Amino acid sequence: MKKRILLIVFATCFALSAFAQKYGYIDSEYILGNIPEYKEAQKELDRLAANWQKEIEKKFSSIDSMYKKYQVEAITLPENLKQKREEAIIKAEQDAKDLQKKRFGKDGDLFKKREELVKPIQDRVFNAIEALAKDRGYAFVFDTAGAMTIVYADPKFDLSDMVMQRLGIAVQK
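The letter at position 95 of the sequence shown is residue 94 when you use numbering that gives the first Met the number 0, and the numbering goes up by one with no holes.
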């Protein structure tokens, strides 16, 4: 009998503590979009990506020209020269693909530059969110800008403006 009463008391306390949790949400796109350093970092990343893309397109265009020239001359070339040209074209194409991977690959130059420019800003935002959540007693803070779908969110639980105030950013209404 004592076990049963203890179990009921424990279950009731657990259920009440679960309902007592506070939830909030933020819109990280809204917050980051209002940080001037983030906008500058995005512009720099876009500029670098465009330049690197032009560089890669130029290499592929050059390879295309090499291939067209080879097709025209292939009829008159001896077999050993044909093979050398084909190898040169294949090597140039591989070099271009390697450059593309180096610039835009998983751990490529663009990824590293994004880490360098954007990560410190994102860390600052995260720290502000974490401090706000701890100060105000929020158990969970969701991001409505992410892949997670929130069908409805009461605006009174939107912490985005409070996070921006913690970051020293003027809130625009």
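In this text, a Cβ means the ideal position worked out from N, Cα and C, and glycines have one as well.
All values derive from a computational prediction rather than experimental measurement.
- Below 8 Å, too few C-beta pairs join the segment 76 to 96 and the segment 114 to 122 to call them touching: fewer than three.
- Assignment of ILE74 by DSSP, reduced to helix, strand and coil, places it in the coil class.
- Contact check for LYS58 against ALA95 passes: the beta carbons are separated by less than 8 Å.
- Beyond the five residues adjoining it in sequence on each side, PHE139 comes within less than 6 Å, by CB distance, of TYR22 in the same chain, given in chain order.
- Of the other Cβ atoms in all chains shown, fewer than 16 fall within 10 Å of the Cβ of ALA146; this residue is therefore exposed.
- Sequence-distant partners of ILE128 (beyond 5 residues in either direction) whose C-beta falls short of 8 Å from its own C-beta, in its chain, are ILE25, VAL140, LEU158, VAL162.
- Counting along the chain, the unbroken alpha helix (DSSP H) around ILE128 starts and ends at 118 to 135.
- Residue environment for ARG102: buried (at least 16 other C-beta atoms within 10 angstroms of its C-beta).
- When DSSP reads this structure, ASP157 sits in a beta bridge with TYR24.
- Inter-residue distance for TYR137 and ALA169 is about 23 Å (C-alpha atoms, whole angstroms).
- In this structure, the straight-line span from the alpha carbon of ASP97 to that of ASN126 is close to 37 Å.
- Between LEU31 and LYS112, the C-beta gap is not smaller than 8 Å, which leaves the two residues out of contact.
- Distance from the CA atom of VAL71 to the CA atom of ASN79, rounded to whole angstroms, is 16 Å.
- Closest by C-alpha distance to GLU56, out of LEU131, GLY167, GLN99, is GLN99.
- In this structure, LEU116 lies away from LEU166, with their beta-carbon atoms at least 8 Å apart.
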